Every structure is written in structure tokens, then in C-alpha cells.
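Going letter by letter, the sequence shown gives residues 0 to 147 in numbering that gives the first Met the number 0. Note that CB positions come from ideal geometry on N, CA and C, so glycine has one too. If you're wondering where the values come from, they're calculated on a predicted model, not measured in any experiment. Written below as C-alpha cells is the structure these notes are about.
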Amino acid sequence: MKVIKSYYPRVKAIELFMVLVYGIVVSFGTLLMWIKGDLSFERWQTFMLIGFIYVSFCIFLSLCIRTQRIELTEYRIEHKVLGLSRRSVAFSSVKKVMFGKVNGSPVVAIINGNTRKPIFVPYIPFENDWEEITSFIKERNQKVIITI
């Protein structure tokens, strides 16, 4: 299938936030160990090793967020994560596109006419692209209802 357009996430703010949190944790953790009089090189090294686990997890999350994309093909919309198709909906089966929240996170719910179950696609980090994506869906399927 020919990909007409791909949308990639904007992740600079997310990655900056992860680095900021790590910096705060290292700074305050070291300061608290120093105030308690518990700051030895071995204890600080263990603390930094635990921090490395946090950094490793953040790198993995950043990789997952960075590699996701929304692809518009001739017949469908696909949400891919790590190169694998996570969600895919044919334009002809889209009944409704709604913006809302699930568990506090903003999402776009695509109601599939075949299953009537909503397919949730993340709103953030594609927030600037959704107007263009929904207009493309509307162009491909004139019957679709888009509610914001």
C-alpha cells in the first residue's frame, strides 16, 4: 500500500522533562544523603546505579514515543509503534472521529463501523497534525462525523 503522508511525534518537550526529572532526583538525592551524613562514595555509586535504571527506562520510553507515527495510505489510517502496526482502520469503515480523554490522557477515538468499538490513537504528541489528519479522513469518507 502506498503511504500518502506520515506524521511523526514532537518529543523534545517530553525528553526535556525526563532529563529535568532525572537532574532533580540526582541533585536532591545527593543533597539528602549529604545532609544525613550518609554520603560515601559506595552509597552514591549505588544511588547512581539505581538512577541508571531510571535513565534506561526513560530511553526506552523515548524510543517508543519517537518511533511511533501515523500513516495515511490510500485506504486506511495506521498508527505504528517501533515500526509495527499497532492500530489500523480503513477509511470506508470509519463512522465517527471524536476527541476526548481516557484515563486522563487526551486521545482521538475512531469509531469503526464494522466493530462499533472505539480505536484509541494518542492525541499528544501529534496535537498539531490532527486537523490535517481529520480533514484527510473526511475527504476519503464523506459520511464520517468529526466531533471536537
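Nearest residue (CA-CA) to residue i, options the options
i	options	result
V101	N113, I118, K95 and G22	I118
R9	I64, N113 and R85	I64
G112	F125, F90, P124 and G103	F90
G50	S134, K142 and M17	M17
E131	K142, S84, I76 and K94	I76
S104	P124, F56, Y21 and W33	P124
E14	E41, V54 and W33	V54
E138	I52, Q44, L71 and K35	L71
S92	K79, I110 and L83	I110
A12	L83, L48, S61 and Q44	S61
C-beta atoms of residue i and residue j nearer than 7 Å
i	j	result
V120	V107	yes
G28	F46	yes
T151	M97	Residue coverage of the chain in this structure runs from 0 to 147, which leaves residue 151 outside it and unanswerable.
Presumed contact (8 Å Cβ cut-off) between residue i and residue j, rounded CB distance
i	j	result
Y6	R68	6 Å
V143	K94	7 Å
K161	E73	Residue numbering for the chain in the displayed model covers 0 to 147; residue 161 lies beyond these limits and cannot be assessed.
6 Å Cβ shell around residue i - same chain, five flanking residues per side excluded
i	result
D128	Y6
F40	none
H78	I69, R85, R86 and V120
F135	L71
Residue i: CB within 6 Å of a non-hydrogen atom of the ligand NAP
i	result
L15	Looking for the ligand NAP in the displayed structure turns up nothing, as the structure carries no ligands at all.
Contact set for residue i: own chain, Cβ-Cβ below 7 Å, skip 5 residues either direction
i	result
L81	C63 and T66
Y122	F98, P105, V106, V107 and W129
L48	none
Buried or exposed (CB count within 10 angstroms, at least 16 for buried), residue i
i	result
K20	The residue you asked about is not Lys; residue 20 is Val in the sequence shown. So V20 ends up on the exposed side.
I34	exposed
CB contact below 7 Å: residue i versus chain D
i	result
A12	Among the chains of the structure shown, chain D does not appear; only one protein chain is present.
8 Å CB neighbourhood of residue i in its chain, flanking five on each side removed
i	result
M32	L38, R42, W43 and F46
N140	F90, S91 and V93
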